[in-house]
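Residue numbers (UniProt numbering): 1 to 360.
Built from N, CA and C at the ideal position, the CB exists for glycine as well.
What follows is a set of notes on a single structure, which appears directly below.
Quick look at the structure:
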């Protein structure tokens, strides 16, 4: 399969992946020939990239870090939990998580188990789920990225359970904020931005009253926008005051935010999201956590068209474990001419070559 921008899609191409709504219902089936109307529908729903089938890339396979069944179930659990909390009200210190807490913990454990059994590198571009509420998919994506880092860093089962639950609930404070502000397509006013920033404290205040929630989970909600140099919010605390979970969660949160489709901008590709993290290393983010994340995520995902430093063009066909920014490339153009027989170059071995640009 080949990864392409929806803006470059042409009528007649075949969709390479099924697109679901947040309830797991099929919106567009894999193998469907796209028409102008369907392409316009993808664009209108804010989908920036899709996979398509073509003859050159029919041997390139895309794997999701977790099964579609688990992703759908996890999204439903997150949605149900957030809905229950919104309905209970922020001042409620009841046992609202008595019912939901066990389901959250169970889902986190199953995600960990599936990720441990998946030997490939992490890419969520293969998971196209269209949702009317960004917060549910964002919460799950951040959980997956957070657990990937935790696994890479050798966290214990207990730590993975704590930080996984914290990741799922890190944005819970947003359910108490006007949804029109959260979904606003344009720039926020200063007052609106201050309202949105308050979600960290709202989430913390709510979670710390829930007897079933460890205080560390509440602090994930409180601190995930804090930064090493004290420029974050809500308290502007610095590196030594930040809990390790918050340092990790902040990186996963930023990466998913910039690589996801939003109402006000298109998604970035993974290598662009990683560049943003590295630009903030030492000052904003812990470089050791970024390095652990880099080892886990497919920087250049399978199916992406890239140009090499010697002007050859190819498509990412496979990943190199632990060398996620140096994948295997299937070359199909040399000196702006199609080659008779495509062949592979392993950038993990061909260290004199680098990826200089991408095309989607």
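With the rule of 3 Cβ pairs closer than 8 Å, the region 274-285 does not count as touching the region 160-179.
By alpha-carbon distance to residue 347, the top candidate from 160, 168, 310, 209 is 310. Annotated three-state conformation of residue 205 is helix, per DSSP. The region 56-69 makes no contact with the region 26-35: fewer than 3 CB pairs, one atom from each, lie closer than 8 Å. Residue 260 and residue 321 have their C-alpha atoms roughly 24 Å apart. Note on geometry: alpha-carbon atoms of residue 273 and residue 267 lie some 9 Å from one another. DSSP places residue 88 within a helical segment (H, G or I) once states are collapsed to three.
Looking at the DSSP output, residue 49 bridges to 5.
Judged by DSSP in its simplified three-state form, residue 186 adopts coil rather than helix or strand. Across the set 8, 144, 58, 38, the C-alpha of 58 shows the shortest separation from the C-alpha of residue 16. Residue range 270-279 is occupied by the alpha helix (DSSP H) that includes residue 270. With respect to residue 104, residue 81 sits close: the two C-beta atoms are nearer than 8 Å.
In this structure, DSSP gives residue 244 a helical state, which the three-state scheme calls helix.
Around the CB of residue 193, fewer than 16 other CB atoms lie within 10 Å, so the residue is classed as exposed.
Closest in alpha carbon position to residue 53, among 14, 46, 107, 77, is 14. Between the C-alpha atoms of residue 166 and residue 289 there is a straight-line separation of about 17 Å.
By the Cβ-count criterion, residue 227 is buried, with 16 or more other Cβ atoms from all chains shown falling within 10 Å of its own Cβ. Non-local C-beta neighbours of residue 219 in its own chain, meaning closer than 8 Å and more than five positions away in sequence, comprise 166, 204, 243, 245, 246, ordered along the chain. The shortest CA-to-CA distance from residue 336 to any of 344, 306, 20, 141 is the one to 306. In this structure, DSSP gives residue 322 a state outside helix and strand, which the three-state scheme calls coil. By the Cβ neighbour-count rule, residue 287 is exposed, with fewer than 16 other Cβ atoms within 10 Å of its own. Counting along the chain, residue 217 sits inside the alpha helix (DSSP H) bounded by residues 215-223.
Residue 314 carries a strand assignment under DSSP once its states are collapsed to helix, strand and coil. Inclusion of residue 8 and residue 152 in the CB contact set at 8 Å is not warranted, their separation being larger than that value. In this structure, the CA atom of residue 324 is about 38 Å from the CA atom of residue 208. The Cβ neighbour count for residue 343, taken over all protein chains shown within 10 Å, is under 16; the residue is labelled exposed.
In this chain, residue 57 is not harboured by any beta strand (DSSP E), its DSSP state being neither H nor E. By the neighbour-count criterion, in which a residue is buried when 16 or more other Cβ atoms sit within 10 angstroms of its Cβ, residue 123 is buried. Under the three-state reduction of DSSP output, residue 346 falls in the strand class. Taking a contact as a CB-CB distance under 8 Å, the pair residue 251 and residue 277 counts as one, their CB atoms being some 6 Å apart.
For residue 355, the enclosing beta strand (DSSP E) covers residues 355-359. Nearest C-alpha to residue 85 among 355, 270, 339, 210: 210. CA-to-CA, the gap between residue 355 and residue 308 works out to about 5 Å. In the displayed model, residue 199 falls within a helix according to three-state DSSP. In terms of Cβ geometry, residue 6 and residue 42 form a close pair [threshold 8 Å]. Listed as beta-bridge partners of residue 329 by DSSP are 316, 345.
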